[in-house]
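Chains A and B supply the protein sequences, listed in that same order.
Using the numbering used here, the final residue of the first sequence is 281, and nothing's skipped along the way.
Using the numbering used here, the final residue of the second sequence is 469, and nothing's skipped along the way.
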Amino acid sequence: MYRILKRKELNPTVTLMDIEAPFVARKAKAGQFIILRVDEEGERIPLTVAGCDANTGAVTIIFQIVGATTQKLNEKKEGEFIQDFVGPLGRPTHVEGLRKVAVVGGGVGCAIALPVARRLHELGCEVTSIVGFRNKDLVILEEEFREYSDRFFMMTDDGSYGEHGNVCVPLNRLLEAGERFDEVITIGPLIMMKFVALATKPYGVKTIASMNPVMIDGTGMCGGCRLTVGGETKFACVDGPEFDAHLIDFDEAMKRSRTYSEFEKEAREKHCNLFRQEVK
Amino acid sequence: MPKFNMNPKKNPMPSQDPLVRNKNFDEVATGYTAETAIDEAKRCLNCKNQPCVAGCPVNIHIPEFIACVAEGRFEDAYQVIARSSSLPAVCGRVCPQETQCEGRCTRGIKGEPVAIGRLERFVADYHNANCAQKPVRPESNGHKVAIVGSGPAGLTCAGDLAKLGYDVTVFEALHLAGGVLVYGIPEFRLPKAIVRKEVENLQALGVKIETNMVIGRVLSVEELKEEYGFEAIFIGSGAGLPKFMGIPGENAKGVYSANEYLTRTNLMKAYKEGSATPIMHAKNVAVVGGGNVAMDAARCAKRMGAENVYIVYRRSEAELPARREEVEHAKEEQIIFRLLTNPVEILADEQDNVVGMKCIEMELGEPDASGRRRPVEKPGSEFTMDVDCVIMSLGTSPNPLLKATTPGLETQRRGEIVADETGKTSLEGVYAGGDAVTGAATVILAMGAGKTAAKAIDEYIRNRS
Chain A
2 MYRILKRKEL NPTVTLMDIE APFVARKAKA GQFIILRVDE EGERIPLTVA GCDANTGAVT
62 IIFQIVGATT QKLNEKKEGE FIQDFVGPLG RPTHVEGLRK VAVVGGGVGC AIALPVARRL
122 HELGCEVTSI VGFRNKDLVI LEEEFREYSD RFFMMTDDGS YGEHGNVCVP LNRLLEAGER
182 FDEVITIGPL IMMKFVALAT KPYGVKTIAS MNPVMIDGTG MCGGCRLTVG GETKFACVDG
242 PEFDAHLIDF DEAMKRSRTY SEFEKEAREK HCNLFRQEVK
Chain B
5 MPKFNMNPKK NPMPSQDPLV RNKNFDEVAT GYTAETAIDE AKRCLNCKNQ PCVAGCPVNI
65 HIPEFIACVA EGRFEDAYQV IARSSSLPAV CGRVCPQETQ CEGRCTRGIK GEPVAIGRLE
125 RFVADYHNAN CAQKPVRPES NGHKVAIVGS GPAGLTCAGD LAKLGYDVTV FEALHLAGGV
185 LVYGIPEFRL PKAIVRKEVE NLQALGVKIE TNMVIGRVLS VEELKEEYGF EAIFIGSGAG
245 LPKFMGIPGE NAKGVYSANE YLTRTNLMKA YKEGSATPIM HAKNVAVVGG GNVAMDAARC
305 AKRMGAENVY IVYRRSEAEL PARREEVEHA KEEQIIFRLL TNPVEILADE QDNVVGMKCI
365 EMELGEPDAS GRRRPVEKPG SEFTMDVDCV IMSLGTSPNP LLKATTPGLE TQRRGEIVAD
425 ETGKTSLEGV YAGGDAVTGA ATVILAMGAG KTAAKAIDEY IRNRS
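Below is the structure:
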């Protein structure tokens, strides 16, 4: 059992939790992920690590409420426990030797992009952060991003905050103006990462995307997390979760990510109804 | 002395009716009664040269335990088995006895061999049901050993070392101990309560089990040695990444590896109403491959409600690598065998859901390097199977994790850990066994490797101190 040390709602659909997992906290690096189960009957879900503190043994996770499991997790309070928490899994982000990087985050993906930006900043790299959200209410971690960025762009789809438009708008502008990044690192919805990859490709800028596919064991056993990268089958859990965005078959990944969308919708609604009955 | 039983045939195993059991996840074989067990035990000649013992990878004293059964001394029989095997209730169910102990039984020369596996299972189940007393925890010898992986190799190694007084800690990556016994082999062939019981027996011997620990990530092999003071380490991390065919359509929605399909069904209990883990409830399922895992996947799919489940295998029935008994069980449960058939493409609709599988007929040509006749395509024989789910059961390649994170650990070209006949690897004090060394094999071979390594580890530590 793993204790919830801290719980904070970042916006109505995104929650931050610090989980007490000292072994994981000692080892986890930016870009790696964990798998958790909320309770004895729960499913295993992967979440990318948003931060950790080796001294307190806390591992920070930030999650969006999308299905029954994340909803159940969200209902847990500080001081309560979750059943299982395993990690760190996957390979850490490669940050060494980079001097100028654009970090492009979208939605809850920004929670994972932040530790990458922070690590790069700590290593003395020039960091340009571009973050995008649907609207003002969903904005998270703005201050933290500003702290670790040399340049910062805030985008909203509806223009209710920052600049109107998606993350590709400032990215294109910078690339067109002749900015030369060593690397672009993008984390967010698949569709966003696909367009970031399309934007950087003509300029030949190395672009890395962090993938979060369907997964069960997370240790290289089930093969559920497979992706096509450069025409080859790769496994996000052991070969990733980060891959060369110019080689990822995003269309296939998007289709695969919807494999259980009907089931999830049903499970979520069932859970909602149960919850409503309890509080009536 | 009990009277000898001359019957040339084994006592049949009582089983659920095939057309009932292919709709539930209860155990297929229901087990011998005490009377049947005694009757069967009396078929043993107790012959002098004991070929069965040599055929057992963990060398159980088979005639000795069977003699106890014949006299109705079931707990004594258990104690005989327990001297050699840490997991008798498991082995009695999943060992390929026909190629091991029973394959060498003298009674098998004229007629059927003694049903050693069924008797082992009976004895273990008797013990688990009737003996509340916990195994006696041996006195500690003060030496620490770490085991990586809680599958059959790791559990066996742990049990043997614990019995010698070692302080043993097993590290398991998943949330539950048992490895393939819990994620792979289905409930109807090996009830999970039995695995739990065997694990509890080991814990009673003093074995510590740490779940949710992925060695290679959370702790390295070197840290286990240097920082945590484990004097020896046994790696039984099992087989790894599933293989795929590399044909078009393989990443469509509705294509699973057998590992994923079985893990969802067994470990995550997707077969139970209300499970939080989703699984496809397909109508027509093709399982590609002919091994034991393929049979397990096919029989699970049938139980999950599929109308038609096909085994698609590129060679003929004679070459099926699965145990005869598993093939027979699958056939009884109305699994349809499409032999000499090979998939060439998986067809999907616009949403990328599987809607069919294009196959080609095969015929057997000249023998290949493995001595089996090589299947060759029959030109122009393509046809389409009407399926909405495909399960690839083509074997696995070793998990790359420990290789990548353990400097100096030698592996084969394909990734299997290099170990000598005692399990010793290229690193001092580090031993390995099971699928991590051999590639995908059987539970009992992994147990044999765990047992051999335990002996080698004991010698290694004694010589050091």
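The beta carbon of each residue, even a glycine, is placed where N, CA and C say it ideally should be.
Since this is a predicted model, take the numbers as computed values, not measurements.
Query, Result
"Minimum Cβ-Cβ distance from P89 (chain A) to chain B less than 8 angstroms", "yes"
"D1 (chain A) - containing beta strand (DSSP E), residue span", "What the structure shows of chain A is the stretch from 2 to 281, and residue 1 (chain A) is not part of that stretch, so it cannot be assessed."
"Residues of the stretch 192 to 225 of chain B whose Cβ lies closer than 8 angstroms to any Cβ of chain A, in chain order", "T215, N216, M217, V218, R221, V222 and L223"
"Short CB-CB distance (under 8 angstroms) between A444 (chain B) and chain A", "no"
"First and last residue of the uninterrupted beta strand (DSSP E) at V174 (chain B)", "D171 to F175"
"Straight-line Cα distance separating G125 (chain A) from T388 (chain B)", "58 angstroms"
"Nonlocal neighbours in the same chain, by C-beta distance under 6 angstroms from K257 (chain B), ignoring five residues either side", "D356 and N357"
"Contact with chain B by E279 (chain A), beta-carbon distance below 8 angstroms", "Note that E279 (chain A) scores 40 on pLDDT, short of 50, meaning its location in the model is unreliable and no value can be drawn from it."
"Reference F175 (chain B); option with closest CA among B:K455, B:G169 and B:C161", "B:C161"
"The stretch 144 to 161 of chain B contacting the stretch 84 to 95 of chain B, beta-carbon criterion three pairs below 8 angstroms", "yes"
"Secondary structure, beta strand (DSSP E): runs of 3+ residues fully inside the stretch 327 to 365 of chain B", "340 to 342 and 345 to 352"
"Any C-beta of chain C under 8 angstroms from that of A177 (chain B)", "Considering every chain present, this structure includes no chain C. Its protein chains are A and B."
"Per-residue burial, G107 (chain A) [other beta carbons within 10 Å of its own, 16 or more giving buried]", "buried"
"Among A:D240, A:C226 and A:D218, nearest to V87 (chain A) - alpha-carbon criterion", "A:D218"
"Residues within the stretch 56 to 70 of chain A neighbouring chain B, beta-carbon criterion of under 8 angstroms", "A69 and T70"
"C-beta atoms of M212 (chain A) and P242 (chain A) nearer than 8 angstroms", "yes"
"Cβ distance (whole Å) where G240 (chain B) is taken to contact G107 (chain B) below 8 angstroms", "Actually they do not touch by this definition, with Cβ atoms about 26 angstroms apart."
"Alpha helix (DSSP H) segment containing K101 (chain A), residue limits", "Note, K101 (chain A): premise wrong, no alpha helix (DSSP H); beta strand (DSSP E) at K101 to G107."
"Beta-carbon gap between E184 (chain A) and K207 (chain A) smaller than 8 angstroms", "yes"
"Alpha-carbon spacing of D21 (chain B) relative to E31 (chain B), whole angstroms", "11 angstroms"
"Where F78 (chain B) falls: helix, strand or coil (DSSP)", "helix"
"Buried versus exposed, by CB contacts within 10 Å (16 or more), N28 (chain B)", "exposed"
"Same chain, Cβ closer than 6 angstroms to G52 (chain A), five either side skipped, listed in chain order", "T61 and P116"
"Three-state secondary structure (DSSP) of R277 (chain A)", "Residue confidence is low: R277 (chain A) scores 44 on pLDDT, short of 50, so the model does not pin down where it sits. Its coordinate-derived value is still stated next. Reduced to three states, the DSSP call for R277 (chain A) is helix."
"Length of the line joining the Cα atoms of G225 (chain A) and D240 (chain A)", "13 angstroms"
"Coarse secondary structure for T507 (chain B), derived from DSSP in three states", "The structure shown does not extend to residue 507 (chain B), since chain B spans only 5 to 469, so no value can be given for it."
"Below-8 angstroms beta-carbon distance, T129 (chain A) vs any chain B residue", "no"
"DSSP bridge partner residues for D54 (chain A) (one or two, in chain order)", "A:A59"
"Partners in chain B for Y261 (chain A), counting only beta-carbon separations shorter than 7 angstroms", "P282"
"Delimiting residues of the beta strand (DSSP E) encompassing F387 (chain B)", "F387 to M389"
"Contact set between G244 (chain B) and chain A, taken where Cβ atoms lie within less than 7 angstroms", "G221 and M222"
"Secondary structure of V222 (chain B), DSSP reduced to three states", "coil"
"Continuous beta strand (DSSP E) assignments of at least 3 residues falling wholly in the stretch 197 to 228 of chain A", "208 to 211"
"Other residues of its chain near Y314 (chain B): CB distance less than 6 angstroms, five sequence neighbours each side excluded", "A290, I340 and R342"
"Beta-carbon gap between D164 (chain B) and K148 (chain B) smaller than 8 angstroms", "no"
"Chain-ordered neighbours of R38 (chain A) on chain B, where CB pairs are closer than 8 angstroms", "H179"
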